[in-house]
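**Student:**
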Amino acid sequence: MTTATPAAARVPFDRTLLLVMPAAAFMLLLFIYPFIYGLLLSFNPKSGGALANYTHFFTTDNLWPTIWTTLKLALPATLINVGFALPIAYKMRNKSRYQRWVTTILVVPITLGTVLIAEGMLIYFGPKGWLSQFLQLIHLYTGPIRLTHNFWGVLISLVISGFPFAFLLILSYITGIDPVLARAASTLGADPKAQFRHIYLPLLAPGLAMCFCLAFVQAYSVFPSAVLLGSPAGPTRVISIAAYEAAFEQYDYSLASAIAMIMGFVQLIIVAAVLGLRNLWYRGPVSGGKG
Amino acid sequence: MKHDFAELRLDRVTRRFAGAGGKAFNALDELTLTVKRGEFIALLGPSGCGKSTALNCIAGLLGLSGGSIWLDQTRIDTLPPEKRGFGMVFQNYALFPHMSVAKNVGFGLRMRGITGADADAKVVHAMKLVQLIGQEHKLPGQLSGGQQQRVAIARAIVIEPPLILMDEPLSNLDAKLRIETRAEIRRIHRELDRATIYVTHDQDEALSLADRIVVMKDGVVQQIAAPKEVYEQPSNLHVARFMGYRNVLELDVVREEGDRVALTGPDVALTGMRKQPLKARRAAVAIRPDDIVVGGNTGEVNIVVAKVENVEYGGRDSLLDVVTPSGTLLHVRGPVTIARGDSVRVHVPVERALVYPLD
Chain A
10 MTTATPAAAR VPFDRTLLLV MPAAAFMLLL FIYPFIYGLL LSFNPKSGGA
60 LANYTHFFTT DNLWPTIWTT LKLALPATLI NVGFALPIAY KMRNKSRYQR
110 WVTTILVVPI TLGTVLIAEG MLIYFGPKGW LSQFLQLIHL YTGPIRLTHN
160 FWGVLISLVI SGFPFAFLLI LSYITGIDPV LARAASTLGA DPKAQFRHIY
210 LPLLAPGLAM CFCLAFVQAY SVFPSAVLLG SPAGPTRVIS IAAYEAAFEQ
260 YDYSLASAIA MIMGFVQLII VAAVLGLRNL WYRGPVSGGK G
Chain U
6 MKHDFAELRL DRVTRRFAGA GGKAFNALDE LTLTVKRGEF IALLGPSGCG
56 KSTALNCIAG LLGLSGGSIW LDQTRIDTLP PEKRGFGMVF QNYALFPHMS
106 VAKNVGFGLR MRGITGADAD AKVVHAMKLV QLIGQEHKLP GQLSGGQQQR
156 VAIARAIVIE PPLILMDEPL SNLDAKLRIE TRAEIRRIHR ELDRATIYVT
206 HDQDEALSLA DRIVVMKDGV VQQIAAPKEV YEQPSNLHVA RFMGYRNVLE
256 LDVVREEGDR VALTGPDVAL TGMRKQPLKA RRAAVAIRPD DIVVGGNTGE
306 VNIVVAKVEN VEYGGRDSLL DVVTPSGTLL HVRGPVTIAR GDSVRVHVPV
356 ERALVYPLD
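Residue numbers (my numbering), protein chains in the order written: chain A, 10 to 300; chain U, 6 to 364.
(1) In chain order, what residues of the same chain lie with their CB nearer than 7 Å to the CB of V163(A), ignoring the 5 residues before and after it?
(2) What in chain A is Cβ-close to I169(U), meaning under 8 Å?
(3) Tell me whether the beta-carbon of L69(U) lies closer than 8 Å to the beta-carbon of R14(U).
(4) Are the C-beta atoms of K7(U) and some chain A residue less than 8 Å apart?
(5) Could you tell me the alpha carbon to alpha carbon distance between R89(U) and L170(U), rounded to whole angstroms?
(6) Under a Cβ-count criterion, where at least 16 other Cβ atoms within 10 Å of its own Cβ denotes burial, should R155(U) be classed as buried or exposed?
(7) In or out: F160(A) buried (at least 16 other Cβ within 10 Å) or exposed?
(8) Check whether the Cβ atoms of S266(A) and G47(A) lie closer than 8 Å to each other.
(9) Name the residue from A344(U), V341(U), R286(U) and Y361(U) whose alpha carbon lies nearest to the alpha carbon of S240(U).
(10) Quick check: the stretch 165–185 of chain A against the stretch 251–268 of chain A, are at least 3 beta-carbon pairs closer than 8 Å?
(11) Would A358(U) and I308(U) be called neighbours here (beta carbons separated by less than 8 Å)?
(12) Kindly list the residues whose CB is nearer than 8 Å to the CB of P51(U), restricted to its own chain and excluding five residues on each side of it in sequence; keep chain order.
(13) Below 7 Å CB to CB, which residues in the same chain sit around A23(U) once its five sequence neighbours on both sides are set aside?
(14) So with CB distances below 9 Å, who are the chain D contacts of A200(U)?
(15) Bridge partners of N53(A), per DSSP?
(16) Shortest alpha-carbon distance to P102(U) belongs to which of R183(U), Q153(U) and A159(U)?
(17) Check the DSSP bridge columns for I309(A) and list the partner residues they point to.
(18) At which residues does the alpha helix (DSSP H) containing K137(A) begin and terminate?
(19) If the cut-off is 7 Å on Cβ atoms, which residues from the stretch 47–67 of chain U count as contacting chain A, listed in chain order?
(20) Considering only DSSP beta bridges, list what S73(U) is partnered with.
(21) Determine whether the Cβ of T78(A) lies closer than 8 Å to any Cβ atom of chain U.
(22) Which residues mark the beginning and the end of the alpha helix (DSSP H) in which Q204(A) is found?
(23) Say whether chain A places a C-beta atom closer than 8 Å to the C-beta of I164(U).
(24) Thinking M278(U) and V327(U) are a contact (beta carbons under 8 Å), I'd like their distance in whole angstroms, please.
(25) Listed in chain order, which residues of the stretch 183–198 of chain U have Cβ atoms closer than 8 Å to some Cβ of chain A?
(26) When you check each C-beta in the stretch 201–215 of chain A against every C-beta of chain U, which residues fall closer than 8 Å?
(27) Using a 10 Å radius around the Cβ and a threshold of 16 neighbouring Cβ atoms, would you call Y229(A) buried or exposed?
(28) Excluding five sequence neighbours on each side, which residues of the same chain lie with their C-beta closer than 8 Å to the C-beta of L60(A)?
(29) Candidates G53(U), K41(U), H130(U) and I63(U): which alpha carbon is nearest V18(U)'s?
(30) Since D125(U) is in the beta strand (DSSP E), which residue starts that stretch and which ends it?
(31) Which runs of the alpha helix (DSSP H) spanning at least 4 residues fall entirely within the stretch 225–255 of chain A, listed in chain order?
(32) I think T329(U) touches A344(U), with their Cβ atoms under 8 Å apart; what is that distance to the nearest whole Å?
(33) Compare the beta carbon distance of G111(U) and V94(U) with 8 Å and say whether it is the shorter of the two.
(34) So within the stretch 47–111 of chain A, which uninterrupted alpha helix (DSSP H) runs reach at least 4 residues, ignoring any that extend past its ends?
(35) Within a Cβ cutoff of 7 Å, which residues of the same chain sit near V341(U), ignoring the five residues on either side of it in sequence?
(36) Looking at the unbroken alpha helix (DSSP H) that takes in H207(A), where does it start and where does it end?
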């Protein structure tokens, strides 16, 4: 083992690899450097020892609960998005006349900004909004409707902005599965339900895990809609609001960095857990042979 | 699921597709066929002839636009594929990539609620039949093309279907494996004593495997007959061309006596056997290269003198392109001693020169 030269060492250097340099420099400048900077800054508090910011976060009553507040929003939103996107994408897997229309309508919200969605939701779901007026008009429900400035407002907005993303991702996974596999299953006696359970679901599982991770990370970093549609002092005081307050109200960049690091760590734990689960499933080509 | 059946009956089975410009065309036009238990049927034709459409209609993967399909007294064309219970082998095998070989083979049993020792025994039996014992725990991706093919066959036969459908199952294998697997398929068919419908564009495959061949073109059946008859007595010019009658000469009809027709051209005069009523003064004579006799004591009629333009060496004999002085080209099989530039006398046996109306 001491003298063996790895075979790779003899492969001549591929100069086309140099083409990756600009992207690498970009990553270094805009992601890795700020990250390291923030990490170091978080251990360099205004007062106290290196870990003072972290002790402060986990001992202050309006800081540490933001982890759970955010999880309580992000996890249901992610589950709803992935859970609804899966059956709809499955229905849309075959090309048909209405498939393109449905797909377009479902994807439109992706083009809207969070603020625009929030604005629209305030008008539509607000106490004097269209939904409330309509329900009163047809005498279906005359009580007050509270779907904004609370938990539900933020959840709905996370679903509206996150669903198209999950849907497109899952749709691309589903259409990548050779439909002849389902046909083969049907000739072997599998009805459509069994085809989904035994063919599509196992082959989709790794993709669903990936989709869950991306949707979760997106939802966990919720900020504008938590402020605009939620109650940022109470039930929707998410972790990014805590970081914002530290940075731009108390001007404590060091504490803000520590909060950002904690936020990233929570995301990492969830992503690692889900990807770990993914390893239990088959991962490989999703076609059924040669040809 | 019903196993003891006597016959599968296709009654004017038709499938229309929307073609270019919204015009519908019949991919399959009134296919009528009765398949008896134990029979091996080959659907033969060039790509786009409707043979795969026919197979998918029988399997239930495509709905019919007209006609009906019967398994004895039961009408089955209204049933979804999972209720028909036919075994199907797909061209690209369509093995489930996330299941082991044993799971793939056992899938049909699992869908029928057969589990445990009973299912295991059936899986082992099917694996033995295709000679795949020892590969049970591999994933399909770890097998060679030929082995994947066997898994696909085992998966289709384990449910003991009354009918096995095969869609060009050998087209992804190399030549040697193709011939081996061909013999295997024939053996499995014999051992199972069911019916097999086999789709192919390869006439050798159809001739060697089938009890009866259904030759198709543009969705329409051209001939249904035993291999020997399709090979020796094609029903029309299209079937003749497809079955290797490479020489098709357009000549003037001189005389018709019974089935014997005398024809003539610039420098060939041939007498042949009429296979279809002739409608015009001109007709086509179709001759296989191997039916033409080169040289020897060949009598007086149907002699053509020509010059060898090209020689393709084939081991036991050569494939020769011979051309008459006025430019009529004939493909001929002849002894390997003949060289390019030689002058040859060839003889066409009267009963092997088949006369058809021009198409």
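Built from N, CA and C at the ideal position, the CB exists for glycine as well.
**Tutor:** This is what the structure gives:
(1) Within the same chain, V163(A) has close Cβ partners L82, V231, S234, A235, L238, G239 and T245.
(2) For a Cβ distance threshold of 8 Å, nothing in chain A lies close to I169(U): the least Cβ distance comes to about 10 Å.
(3) No. Outside cutoff.
(4) Below a pLDDT of 50, predicted positions are generally treated as unreliable, and K7(U), at 46, falls in that range; the measurement from the model is reported next regardless. Not a single C-beta of chain A is nearer than 8 Å to the C-beta of K7(U).
(5) Answer to the nearest angstrom: the Cα atoms are 12 Å apart.
(6) Buried.
(7) Counting the other CB atoms within 10 Å of its CB gives F160(A) a total of 16 or more, which places it among the buried residues.
(8) Yes, they are a contact pair.
(9) Among A344(U), V341(U), R286(U) and Y361(U), the Cα nearest to that of S240(U) is on Y361(U).
(10) These segments do not touch.
(11) The Cβ atoms of A358(U) and I308(U) lie no closer than 8 Å to each other.
(12) Correct list, in chain order: H206, K222 and F247.
(13) These residues qualify, in order along the chain: A29.
(14) Absent here is chain D; the protein component of the structure consists of chains A and U.
(15) In the DSSP assignment, N53(A) forms no beta bridge with any residue.
(16) For P102(U), the nearest C-alpha among the options comes from Q153(U).
(17) Residue numbering for chain A in the displayed model covers 10 to 300; residue 309(A) lies beyond these limits and cannot be assessed.
(18) Segment: none, K137(A) is in no alpha helix (DSSP H) and carries neither H nor E.
(19) Using a CB distance below 7 Å, the part of the stretch 47–67 of chain U facing chain A consists of A64 and L66, ordered along the chain.
(20) Looking at the DSSP assignment, S73(U) forms a beta bridge with D16(U).
(21) Not one chain U Cβ lies under 8 Å of T78(A).
(22) P201 to Q204 is the extent of the alpha helix (DSSP H) around Q204(A).
(23) Yes - at least one Cβ of chain A is within 8 Å of the one on I164(U).
(24) About 22 Å separates the two Cβ atoms, so there is no contact after all.
(25) From the stretch 183–198 of chain U, no residue has a Cβ closer than 8 Å to chain A.
(26) Flagged, chain order: A203, H207, I208, P211 and L212.
(27) By the neighbour-count rule (16 or more Cβ atoms within 10 Å), Y229(A) is buried.
(28) In chain order, F52 place their CB closer than 8 Å to the CB of L60(A), counting only its own chain and leaving out the 5 sequence neighbours on each side.
(29) Of the listed residues, the one whose Cα sits closest to V18(U) is I63(U).
(30) No beta strand (DSSP E) holds D125(U); the alpha helix (DSSP H) holding it covers G121 to L134.
(31) Taking 4 residues as the shortest admissible run, the stretch 225–255 of chain A contains the following complete alpha helix (DSSP H) segments, listed from N- to C-terminal end: 233–237.
(32) Rounded, the Cβ-Cβ distance is 18 Å, inconsistent with contact.
(33) For G111(U) and V94(U), no; Cβs fall outside 8 Å.
(34) Runs found: 61–68 and 74–100.
(35) Hits under 7 Å: Y318, D322 and S323.
(36) Segment: none, H207(A) is in no alpha helix (DSSP H) and carries neither H nor E.
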